[in-house]
Amino acid sequence: MIHAAFSTVAARWQERFARYVSVIEARGLLETLTEEILPKSGDGTNRVDWSATFTGGVFNTQERTLGAVNYGYSGGIVMTAQPAVITPNTNLVTLWASLTPEEGRLRPAVTLSVDNPEGLRRFTNVEGFALISDGLDRYGIRSRLQTLATSRFEHFAQLRRELLEGSGLSRDDKSIVFGHFL
Amino acid sequence: MNRAHTQLSFATAAENLSERPFLAEALVSAGARRSAQEEKESPELCEDCAGICFAHDQVVFWLADGASDCNPLPRLQRRAGENTPPPSAGFNVRLLANDLGQAFVEHLFLGAP
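These protein sequences, in sequence, are chains Y and F. Residue numbering for the first sequence follows numbering that gives the first Met the number 0, starting at 0 and increasing by one per position. Residue numbering for the second sequence follows numbering that gives the first Met the number 0, starting at 0 and increasing by one per position.
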């Protein structure tokens, strides 16, 4: 299901990539693109890729059910009777763009690549959730989430503060998504 | 040690939660400002993106972080006299992170094909 959602991104990017290459060609710069900018493999195909982590979920506030998916180094905590950690992994979402020589022309394509595609992980009796993006220290988040999941807080604001303190002065960016009943 | 003190637990009572307001927030910090030279050497830092779509009893939420070591293709400027305008955007991981989030919300929440 998530693969289907991300496939729409690949389809949109393929359309845009084809237009991009078409404009480059019309400007007489195709050789610059294929020989100087895009990496080229032995068979003459140019390939370039873009990758991202992705952590997401859908929460039903009436049923208190949550489905979550995680690709990559970010993670989170789901507040249930037994708090659960959305564990970081190394499975990124990647789009591959290519220009393949074919009958005297270059055929542009964009394809989706997801290592170990997974469905939504289901949780019940959920009181809240917290997601946190990866950092320059990619491997510190797992232990940090485990520590937070085994800590006691009097209020959700305390957990929020704990998460924010981890995003102090740094060259890195940081994002946090947080939800709970008042 | 009391097990209740070793787990993520809260003073809030768990019963009747569905009758109480639900709060959701997304915080995105872009990272420290960098010099022009640093920006040139590493143009793809600060790609964290996040979003929340909340309506009725459903909350869709996500965060994504583009990989900084991927090569961007810059947006092409429009030129006078060209029949075909260039795409409105180039290709980079920040756009990818945003587009993944948008597709996730559309697929789960808005019912897009």
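Even glycine gets a Cβ: it sits at the ideal position worked out from N, Cα and C.
Closest to residue i by C-alpha separation, out of the options, would be which residue?
| i | options | result |
| --- | --- | --- |
| Y/D133 | Y/S21, Y/D172, Y/A148 and Y/I1 | Y/D172 |
| F/N70 | F/F108, F/E18, F/L107 and F/L95 | F/L95 |
| Y/G43 | Y/R26, Y/P82 and Y/G103 | Y/G103 |
| Y/S142 | Y/G74, Y/V20 and Y/S50 | Y/G74 |
| Y/G71 | Y/Q61, Y/T33 and Y/I85 | Y/I85 |
| Y/V47 | Y/L32, Y/E164 and Y/G139 | Y/L32 |
| F/P73 | F/S67, F/A49 and F/A88 | F/A88 |
| Y/L130 | Y/F152, Y/T99, Y/D114 and Y/L163 | Y/L163 |
| Y/F122 | Y/V20, Y/H2 and Y/T79 | Y/T79 |
| Y/V8 | Y/F128, Y/L111, Y/F155 and Y/A148 | Y/L111 |
| Y/A10 | Y/P87, Y/A108 and Y/R160 | Y/A108 |
| Y/T182 | Y/E161, Y/H154 and Y/A156 | It is not possible to answer for residue 182 of chain Y, since the shown part of chain Y is limited to 0 through 181. |
Nearest-angstrom Cα distance between residue i and residue j?
| i | j | result |
| --- | --- | --- |
| F/N82 | Y/I23 | 13 Å |
| Y/R18 | Y/T64 | 42 Å |
| Y/Q61 | Y/L29 | 55 Å |
| F/E18 | F/L99 | 32 Å |
| F/L26 | Y/S150 | 22 Å |
| F/R2 | Y/A83 | Residue confidence is low: F/R2 scores 38 on pLDDT, short of 50, so the model does not pin down where it sits. Its coordinate-derived value is still stated next. Each residue's Cα considered, the two are about 15 Å apart. |
| F/Q76 | F/C48 | 25 Å |
| Y/P100 | Y/N45 | 9 Å |
If you reduce the DSSP assignment to three classes, tell me which class residue i lands in.
| i | result |
| --- | --- |
| Y/A9 | helix |
| F/A79 | coil |
| F/A29 | coil |
| F/G100 | helix |
| Y/G178 | strand |
| Y/S40 | coil |
| Y/G71 | coil |
Quiz item: Using 8 Å as the threshold, is the segment 46-65 of chain F in touch with the segment 10-29 of chain Y, meaning 3 or more CB pairs across them?
Solution: The segment 46-65 of chain F, when compared against the segment 10-29 of chain Y, does not touch it at the 8 Å Cβ threshold.
Self-check item: Validate contact between the segment 86-99 of chain Y and the segment 44-55 of chain Y using beta carbons, cut 8 Å, 3 pairs
Solution: Verdict: yes, contact present.
Self-check item: Residues in the segment 32-62 of chain Y having any Cβ partner in chain F nearer than 7 Å
Solution: Listed by position along the chain: V47, D48, W49, S50, A51, T52, F53, T54, G55, G56, V57, F58, N59, T60 and Q61.
Exercise. Closer than 7 Å, Cβ to Cβ, to anything on chain Y: give me those residues from the segment 50-61 of chain F, in chain order.
Key: Closer than 7 Å at the C-beta level to chain Y, one finds these residues of the segment 50-61 of chain F: I51, D56, Q57, V58, V59, F60 and W61.
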